[in-house]
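Engineer: Here it is, the structure in full.
2 protein chains.
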Amino acid sequence: MPQGENDKLSTDPYKGVRDFYPRDMFLENYITSVMRETAERYGYVEYGASILERTELYTSKTSDEIVNEQTYTFEDRGGRSVTLRPEMTPSVARMVAAKRRELAFPLRLYSMPNIFRYERPQRGRLREHWQLNCDLFGVPGVEADAEVITLAHKIMRAFGAQDKDFEILINDRRTVVEALSQIGLEEKQVDAFLILLDKRSKFETEVGFMAEAENMIGKERFEAFEQWREKEETNSHQAGELIGALSKLGVDNVRVDTSLVRGFLYYTGTVFEVFDTIPQNRRSLFGGGRYDNLLEVFGAENIPAVGFGMGDVTMRDFLETRNLLPEYISATDLYLCVLGKDFLDYAGQLAEKLREQGLNVALDPTARKAADQIKTADKHGVLFVACVGGQEQKNKTLTVKNLKTGNETTVPEDKVGDFIWNQDV
Amino acid sequence: MPQGENDKLSTDPYKGVRDFYPRDMFLENYITSVMRETAERYGYVEYGASILERTELYTSKTSDEIVNEQTYTFEDRGGRSVTLRPEMTPSVARMVAAKRRELAFPLRLYSMPNIFRYERPQRGRLREHWQLNCDLFGVPGVEADAEVITLAHKIMRAFGAQDKDFEILINDRRTVVEALSQIGLEEKQVDAFLILLDKRSKFETEVGFMAEAENMIGKERFEAFEQWREKEETNSHQAGELIGALSKLGVDNVRVDTSLVRGFLYYTGTVFEVFDTIPQNRRSLFGGGRYDNLLEVFGAENIPAVGFGMGDVTMRDFLETRNLLPEYISATDLYLCVLGKDFLDYAGQLAEKLREQGLNVALDPTARKAADQIKTADKHGVLFVACVGGQEQKNKTLTVKNLKTGNETTVPEDKVGDFIWNQDV
């Protein structure tokens, strides 16, 4: 929205992005911290990069559709073409290629980048979102695929989701590519058909997809492909090995789906996608796969790699639907109300002492009526309040009130930290 | 750099931004976590916003130089002008203005945004950096100024800096503006002179500044201004009140500097800057001030506000110079080496059990020689390693080696977490 009446600026954020007020930020931090902690539990260490990348990074192996229609790309003041990263994989591949001589492998990396796509804003598809990225470099075998899928599974479980709440679909892109070339498709046709296949679940009807598929590769070849799929889903050796490895690690909600190929052309082997099993909104939550050849675009010898990206918006929707989001608790442990300007100096010094005990303390310096100050604490979601006046200054005590239960307890100043940490909140 | 020979992509990041490999990220996380924890200690709660803002947000009260020469501004595919935020204050003012009826005041907010400026890259001035922003809304009095300056002081102390390592310069912008208008400057001249004054310490010689100042407002008026400054620095009532409030809170390395005005035109009262006292590189580390009128550009009634921004790059330089940066420790507690493919299944399941004990465990699935796997652990900066083979599988024990001391201890599988946490690292 442009400027309103009287030349006043709009308070709206830019279209398709989010403002995070403290309660939104709390949920965002909850979601990203569960992701981070679980990634670290599996030995992944954090890296980061700028959102600004040279545009050429996306002109090679990444999906053309994204580069041409969905990125924020512009010229900087020096005439260089810059892109706000639409995904993290090219950046991490670039970084690993740059230091492949110094880095030790196997190398486990994670990051929590914000990524940008110029899309029509809709539920779960904002123009900016955050995405956990986990990648394991240097291990070619199925055990690496099993590890990253196990990690994805454990993150879902760490959020409180049960195995019945989601399903992990797996496939091997190579077998699909082989089947398509045996049916008689040329390399370019294969790439185009894979992109169409990736959109299969997004067609309103299966008939709609079939019509387009037959139109693209011919009715006979499409039928041959569908026959291959049927045989493969019941009888896949490669997928069988992965399913076995996953089962040993306690991951059992897995199924082969031979339509699964993922949109990015850089995937070379295993691909997987985690699906929400809720009947009214069955959909892909996130996914990943193996990309063993991506480093060659940098002129580096290839390093086998497998990873996934897990977005904050989709996960937040999932957790909301399942009632798995936590209630807001302020990071502030104690709100100190001050009963008149006369006690401000004392309260300020007391607040310092309480902070030295390790408490997060907000001091209200407004000298308003106590009831108004307590109301402010409550609106901020702070659980404990205490008022500072003559009594407290004389006795060196605080009467700490729990705003949820209404309980009040009088505690010596130097024991307030101990008291609050022993409360069952 | 454009693509090199054979059409290979460059592995360089975009000019003027940083890649964060795990050891860089560790330091970045150290710096931001000290900032965050100290802000929360003072009752500040986290908010966030997108780096994308409508360009008009920066056309009003913020410094023109920044808008015209130093921002990344471009048109999106829908023809809207977008700017990558060059600072956070306009965004937080926008957010507070938008929800001023629902938010409770006093309101303490902090954020750790990355911000963008199109500058010639040089030491401490990258095109993207992260910046702690702390703001206190709703308190007009000097006690709010004292609180945010105390918080800034405490962050410096939390990094291990001593009072002698830095100095806090304070001033009141209003007194400067009043003095300039009494000397006979018109409003526009005042604004221009304030911008010149802000650059005073950046002139190579004081004589260079004086020549430009005399040229701008005339020799006589400049001399009158300098006389006023001299009187004011020894005899300022407003600054005296603030200095007194700070002293009561234990902040004593404070001095009035009547040249201090800060570059942004939105400051209305107290301004402050924290200076590195090191003789060979005396310079401003960060600063802030009071901006009581910024919300009116949104057509909202004004809310008094005071805050500051503290950048990661400058702080990292400061901490490096003072030898205050911590040594790298991997987030991974234990690196599990596997003595042959036969033990992979067992090791995988054992790793799961160790993770359930709360340990961050990386498993090496390469089945290389033990020495090579241990070398990898060491290169990753992991402190503890253990090898899994027939012995371990039979005895249900692990021999945990500390790679720093070389000490080895054999521990039952289910006690590995307890053992590692009891080590003095």
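Residue numbers (my numbering), protein chains in the order written: chain A, 1 to 425; chain B, 1001 to 1425.
Cβ coordinates follow ideal geometry from the N, Cα and C atoms, glycine included.
On the three-state DSSP scale, how would you describe G1340 of chain B?
Structural biologist: Counting from 1 along the second sequence, the entry for residue 1340 of chain B is found at position 340. Coil, per DSSP.
Engineer: Taking all protein chains shown into account, decide if R282 of chain A is buried (16 or more other Cβ within 10 angstroms of its Cβ) or exposed.
Structural biologist: Stepping through the first sequence from its first residue, residue 282 of chain A is reached at position 282. Under this definition R282 of chain A is an exposed residue.
Engineer: Below 9 Å on C-beta distance, what does T1314 of chain B contact in chain A?
Structural biologist: Residue numbering aside, residue 1314 of chain B sits at position 314 when the second sequence is read from its first letter. Chain A residues near T1314 of chain B: none, gap ~18 Å exceeds 9 Å.
Engineer: Is there a Cβ of chain B sitting closer than 9 Å to that of T270 of chain A, yes or no?
Structural biologist: Within the first sequence, the letter at position 270 stands for residue 270 of chain A. No, its Cβ sits nowhere closer than 9 Å to a Cβ of chain B.
Engineer: To be precise: take each residue of the stretch 266 to 293 of chain A, compare its Cβ to all Cβ atoms of chain B, and keep it if any distance is under 8 Å. Which residues remain?
Structural biologist: Residues passing the 8 Å Cβ filter: none.
Engineer: Below 7 Å on C-beta distance, what does R1108 of chain B contact in chain A?
Structural biologist: Locating residue 1108 of chain B in the second sequence gives position 108, where the first residue counts as 1. In chain order: A362.
Engineer: Put R1322 of chain B into one of helix, strand or coil per three-state DSSP.
Structural biologist: Indexing the second sequence from 1 puts residue 1322 of chain B at position 322. Coil, per DSSP.
Engineer: Would you mind reading off the limits of the alpha helix (DSSP H) that contains R1101 of chain B?
Structural biologist: Residue 1101 of chain B sits at position 101 when you count from the first residue of the second sequence. Here R1101 of chain B belongs to no alpha helix (DSSP H), and DSSP marks it neither H nor E.
Engineer: The alpha helix (DSSP H) that contains T1376 of chain B, what's its start and end?
Structural biologist: Position 376 of the second sequence, counted from the first residue, corresponds to residue 1376 of chain B. Note, T1376 of chain B: alpha helix (DSSP H), A1370 to K1379.
Engineer: Closer than 9 Å, Cβ to any Cβ of chain B: which residues of the stretch 243 to 266 of chain A, in chain order?
Structural biologist: The stretch 243 to 266 of chain A vs chain B, Cβ under 9 Å: A245, K248, L249 and G250.
Engineer: So does the stretch 1370 to 1387 of chain B actually touch the stretch 1312 to 1323 of chain B, counting three or more Cβ pairs closer than 8 Å?
Structural biologist: Flag = no, the stretch 1370 to 1387 of chain B and the stretch 1312 to 1323 of chain B do not touch.
Engineer: Is DSSP giving T435 of chain A helix, strand or coil here?
Structural biologist: This structure leaves residue 435 of chain A out entirely; chain A is present only between 1 and 425.
Engineer: For T1205 of chain B, count neighbouring C-beta atoms within 10 Å of its own C-beta (all shown protein chains included) and say buried if the count is 16 or more, exposed if not.
Structural biologist: In the second sequence, the residue the question calls residue 1205 of chain B occupies position 205. Its Cβ having fewer than 16 others within 10 Å, T1205 of chain B is exposed.
Engineer: How would you call K154 of chain A, buried or exposed, if buried means at least 16 neighbouring beta carbons within 10 angstroms?
Structural biologist: As a working mapping, residue 154 of chain A is identified with position 154 in the first sequence. The residue in question, K154 of chain A, is buried, as its Cβ has 16 or more Cβ neighbours within 10 Å.
Engineer: What's the gap between the Cα of E1028 of chain B and the Cα of I51 of chain A?
Structural biologist: Within the second sequence, residue 1028 of chain B is the residue found at index 28, counting from 1. Within the first sequence, residue 51 of chain A is the residue found at index 51, counting from 1. Cα-Cα distance, rounded: 16 Å.
Engineer: In chain D, what lies closer than 8 Å to G389 of chain A by C-beta?
Structural biologist: Reference to chain D is not applicable here, since the protein chains of this structure are A and B.
Engineer: Nearest CA to the CA of D1007 of chain B: which residue from A:A300, A:R80 and A:W421?
Structural biologist: For the purposes of this step, residue 1007 of chain B is taken as the residue at position 7 of the second sequence. Taking only the C-alpha atoms, the option nearest D1007 of chain B is A:A300.
Engineer: According to the neighbour-count rule (16 or more other Cβ atoms, all chains shown, within 10 Å of its Cβ), is R85 of chain A buried or exposed?
Structural biologist: Counting from one through the first sequence, the residue named residue 85 of chain A turns up at place 85. Classification of R85 of chain A: buried, given that the 10 Å Cβ count is 16 or more.
Engineer: Which residues does DSSP pair with G288 of chain A in a beta bridge?
Structural biologist: The residue you call residue 288 of chain A lines up with position 288 of the first sequence. Bridge partners of G288 of chain A: A:F272 and A:F308.
Engineer: Secondary structure at G48 of chain A, three-state DSSP: helix, strand or coil?
Structural biologist: If you number the first sequence from 1, residue 48 of chain A lands on position 48. If DSSP states are grouped into helix, strand and coil, G48 of chain A belongs with the strands.
Engineer: For a test of the three-state rule: what should DSSP assign to A367 of chain A, helix, strand or coil?
Structural biologist: Residue mapping note: residue 367 of chain A aligns to position 367 of the first sequence, counting from 1. In this structure, A367 of chain A counts as coil in the three-state DSSP scheme.
Engineer: Give me the residue from B:N1171, B:A1211 and B:M1216 with the minimum Cα distance to V1190 of chain B.
Structural biologist: Along the second sequence, read from residue 1 onward, the residue named residue 1190 of chain B stands at position 190. Checking every option, the nearest Cα to that of V1190 of chain B belongs to B:M1216.
Engineer: When we look at the beta-carbon of G240 of chain A and count the other beta-carbons within 10 Å, is it buried (16 or more) or exposed?
Structural biologist: For the purposes of this step, residue 240 of chain A is taken as the residue at position 240 of the first sequence. Label assigned to G240 of chain A: exposed.
Engineer: Is T55 of chain A helix, strand or coil by DSSP?
Structural biologist: Position 55 of the first sequence, counting from 1, holds the residue named residue 55 of chain A. Helix.
Engineer: Below 7 Å on C-beta distance, what does H1129 of chain B contact in chain A?
Structural biologist: Reading the second sequence from its first residue, position 129 is the one you call residue 1129 of chain B. Under the 7 Å cutoff, chain A gives no residues; its nearest Cβ is about 10 Å from H1129 of chain B.
Engineer: Can you give me the start and stop residues for the alpha helix (DSSP H) that D12 of chain A sits inside?
Structural biologist: For the purposes of this step, residue 12 of chain A is taken as residue 12 along the first sequence, with counting starting at 1. Looking at the DSSP string, D12 of chain A is not in any alpha helix (DSSP H), and its letter there is neither H nor E.
Engineer: For R1200 of chain B, which residues from the same chain have a beta carbon less than 6 Å from its beta carbon, with the 5 sequence-adjacent residues on both sides left out?
Structural biologist: Taking the second sequence and counting its residues from 1, one reaches residue 1200 of chain B at position 200. Cβ neighbours of R1200 of chain B beyond the five flanking positions: F1209 and S1259.
Engineer: In the DSSP output, what is Q131 of chain A paired with across the bridge?
Structural biologist: Along the first sequence, one-based indexing puts residue 131 of chain A at 131. According to DSSP, Q131 of chain A bridges with A:G311.
Engineer: Kindly identify the DSSP beta-bridge partner or partners of A152 of chain A.
Structural biologist: In the first sequence, residue 152 of chain A corresponds to position 152, counting from 1. DSSP output for A152 of chain A lists no bridge partner at all.
Engineer: Give the DSSP bridge partners of A1386 of chain B, in chain order.
Structural biologist: Translated into the one-based positions of the second sequence, residue 1386 of chain B becomes position 386. Paired residues: B:L1336 and B:V1400.
Engineer: Counting Cβ pairs closer than 8 Å, one from the stretch 1332 to 1343 of chain B and one from the stretch 1035 to 1048 of chain B, do we hit at least three?
Structural biologist: In short, these stretches do not touch, since the Cβ pair count stays below three.
Engineer: At a Cβ threshold of 9 Å, is D1414 of chain B touching chain A?
Structural biologist: As a working note, residue 1414 of chain B is residue 414 in the second sequence. No - not a single Cβ of chain A is within 9 Å of the one on D1414 of chain B.
Engineer: Decide yes or no for the touch test of the stretch 373 to 392 of chain A against the stretch 1146 to 1162 of chain B: beta carbon pairs closer than 8 Å, at least 3 of them.
Structural biologist: Touching, no, given that fewer than three Cβ pairs across the two stretches are closer than 8 Å.
Engineer: Which of the three DSSP states, helix, strand or coil, is assigned to I1168 of chain B?
Structural biologist: Within the second sequence, numbered from 1, the residue matching residue 1168 of chain B stands at position 168. Reduced to three states, the DSSP call for I1168 of chain B is strand.
Engineer: For the stretch 1247 to 1261 of chain B and the stretch 346 to 364 of chain A, state whether three or more C-beta atom pairs, one from each stretch, are separated by less than 8 Å.
Structural biologist: As far as the Cβ criterion goes, the stretch 1247 to 1261 of chain B touches the stretch 346 to 364 of chain A, which means the pair count is three or higher.
Engineer: If I'm right that Y47 of chain A touches L103 of chain A with Cβ under 8 Å, what's the distance once you round it to whole angstroms?
Structural biologist: The sequence position of residue 47 of chain A within the first sequence is 47, counting from 1. The sequence position of residue 103 of chain A within the first sequence is 103, counting from 1. Not really, about 10 Å apart at Cβ, beyond 8 Å.
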